[in-house]
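Protein chains: 2
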Amino acid sequence: MRKIEHLGIAVRDLEASNALFEKLLGTPAYKMEEVASEGVRTSFFKSGPNKIELLEATNPDSPIAKYLERKGEGIHHIAFDVEDIHAEMARLKAEGFILLNETPKRGADNKLVAFLHPKSSGGVLVELCQEAPAE
Amino acid sequence: MRKIEHLGIAVRDLEASNALFEKLLGTPAYKMEEVASEGVRTSFFKSGPNKIELLEATNPDSPIAKYLERKGEGIHHIAFDVEDIHAEMARLKAEGFILLNETPKRGADNKLVAFLHPKSSGGVLVELCQEAPAE
Numbered sequence: 117m118r119k120i121e122h123l124g125i126a127v128r129d130l131e132a133s134n135a136l137f138e139k140l141l142g143t144p145a146y147k148m149e150e151v152a153s154e155g156v157r158t159s160f161f162k163s164g165p166n167k168i169e170l171l172e173a174t175n176p177d178s179p180i181a182k183y184l185e186r187k188g189e190g191i192h193h194i195a196f197d198v199e200d201i202h203a204e205m206a207r208l209k210a211e212g213f214i215l216l217n218e219t220p221k222r223g224a225d226n227k228l229v230a231f232l233h234p235k236s237s238g239g240v241l242v243e244l245c246q247e248a249p250a251e
Numbered sequence: 117m118r119k120i121e122h123l124g125i126a127v128r129d130l131e132a133s134n135a136l137f138e139k140l141l142g143t144p145a146y147k148m149e150e151v152a153s154e155g156v157r158t159s160f161f162k163s164g165p166n167k168i169e170l171l172e173a174t175n176p177d178s179p180i181a182k183y184l185e186r187k188g189e190g191i192h193h194i195a196f197d198v199e200d201i202h203a204e205m206a207r208l209k210a211e212g213f214i215l216l217n218e219t220p221k222r223g224a225d226n227k228l229v230a231f232l233h234p235k236s237s238g239g240v241l242v243e244l245c246q247e248a249p250a251e
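Structure below.
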């Protein structure tokens with residue numbers, strides 16, 4: 117876990133939230149990206165070595181739609197930067213953490229990602245992410 | 117907002133959670149500290165340039181006790197490192213954010229801190245923190 121790569125925040129309206137977080141962070145979103153497989157539209161802000169990712173649902177079955185329904189807007193997950201996602205997944209599995217993915221999948225921002233179930237990690241949805249190798 | 121200074125996580129049992137987060141992060145807590153004025157005991161972990169802060173309530177009126185009752189264990193707040201907390205508070209107030217503190221107060225880890233009300237910041241409890249000057 118080399119650093120907090122980003123913090124993911126669930127929002128209802130990406131454009132309105134982009135304007136709000138631009139005021140908060142003092143800098144505009146530097147990119148927007150849709151991840152169709154996850155049913156999300158995202159935007160990214162820089163905060164020094166870290167990023168803030170806003171997530172809007174693009175369909176009612178999106179994990180973000182379900183999260184908003186249950187909990188409302190707010191912090192959705194924390195993502196840690198890892199050097200070797202396969203090694204880190206094996207280490208955490210051996211430590212008793214529950215992985216939501218058996219193998220890494222491709223996430224936003226050119227990353228290989230995997231998630232830990234919050235019930236094994238203190239109520240916190242944890243994402244591991246590693247820069248994806250060039251294709 | 118120069119970086120994510122730390123992420124605050126509400127926990128029920130600090131010792132048990134220290135053991136869990138040591139496994140997760142691959143590194144032990146490097147310090148523990150009680151902030152009597154806030155009714156919390158805290159522990160800190162490093163993740164590169166960032167920290168993870170675990171917060172346990174020390175009395176039933178603690179904001180952490182109330183949070184746990186309402187939402188259970190999980191991510192409680194995000195803290196950003198700022199260079200000049202007074203200037204940042206004035207900037208955010210002018211932008212329409214609601215400050216929970218009129219002036220900075222002394223928090224854990226030798227910081228001057230102030231909070232934004234989540235209802236003005238997308239459901240996210242935001243802390244500003246600045247390294248406190250030597251006394």
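These protein sequences, in sequence, are chains D and E. Following this note's numbering, the numbering of the first sequence begins with 117 at its first residue and continues without gaps. Following this note's numbering, the numbering of the second sequence begins with 117 at its first residue and continues without gaps. Think of the CB as a built atom: it goes at the ideal place given N, C-alpha and C, for glycine as much as any other residue. The model shown is predicted, which means the values in this text are computed figures rather than measured ones.
Endpoints, beta strand (DSSP E) assigned at K147/D: K147 to V151
What's the gap between the Cα of C245/D and the Cα of K139/D? 27 angstroms
Taking 8 angstroms as the CB-CB cut-off, is V240/E touching chain D? yes
Give me the Cα-Cα distance between F231/E and R207/E, rounded to the nearest whole angstrom. 14 angstroms
Pairs of beta-carbons, one from the segment 182-202 of chain D and one from the segment 124-136 of chain D, closer than 8 angstroms: are there three or more? yes
Is the segment 219-239 of chain E touching the segment 149-162 of chain E, taking contact as three or more C-beta pairs under 8 angstroms? Touching, yes.
Comparing C-alpha positions only, which one of V198/D, L228/D, H233/D and V240/D sits nearest to T109/D? Absent from the structure is residue 109/D, since the part of chain D shown begins at 117 and ends at 251.
Against F196/E, what residues of chain D qualify as contacts under a CB-to-CB distance less than 7 angstroms, listed in chain order? S163
Could you work out which residues of chain E lie near K119/D, taking near to mean beta carbons separated by less than 7 angstroms? S163, G164, P165 and N166
Classification of S153/D by the beta-carbon crowding that lies within 10 angstroms, buried from 16 upward: exposed
Same chain only: Cβ atoms within 7 angstroms of V151/D, ignoring 5 sequence neighbours per side: T158, G223 and A224
Considering only the alpha carbon of each residue, which of G142/E, D200/E, L141/E and I168/E lies closest to M148/E? I168/E
Hey, G238/E and G239/D: beta-carbon distance below 8 angstroms or not? Taking 8 angstroms as the Cβ cut-off, G238/E and G239/D do not qualify as a contacting pair.
Consult DSSP for R128/D and reduce its assignment to one of helix, strand or coil. coil
Ignoring anything shorter than 3 residues or poking outside the segment 178-215 of chain D, list the beta strand (DSSP E) runs there in chain order. 190-197
Can you tell me whether N175/D is buried or exposed? The criterion is at least 16 other CB atoms within 10 Å of its CB, across all chains shown. Result: exposed.
S159/E: first and last residue of the uninterrupted beta strand (DSSP E) it sits in: Element bounds for S159/E: V156 to S163.
With a threshold of 8 angstroms between beta-carbons, can I180/D be considered close to chain E, or not? No, its Cβ sits nowhere closer than 8 angstroms to a Cβ of chain E.
Cβ separation of L123/D and I120/E, assumed to be a contact under 8 angstroms, to the nearest whole Å: 7 angstroms
Bridge partners - L244/E, DSSP secondary structure assignment: F196/E and A230/E
Boundaries (first-last residue) of the beta strand (DSSP E) holding E172/D: N166 to A173
Using the Cα positions of A210/E and I194/D, report the straight-line distance between them to the nearest angstrom. 29 angstroms
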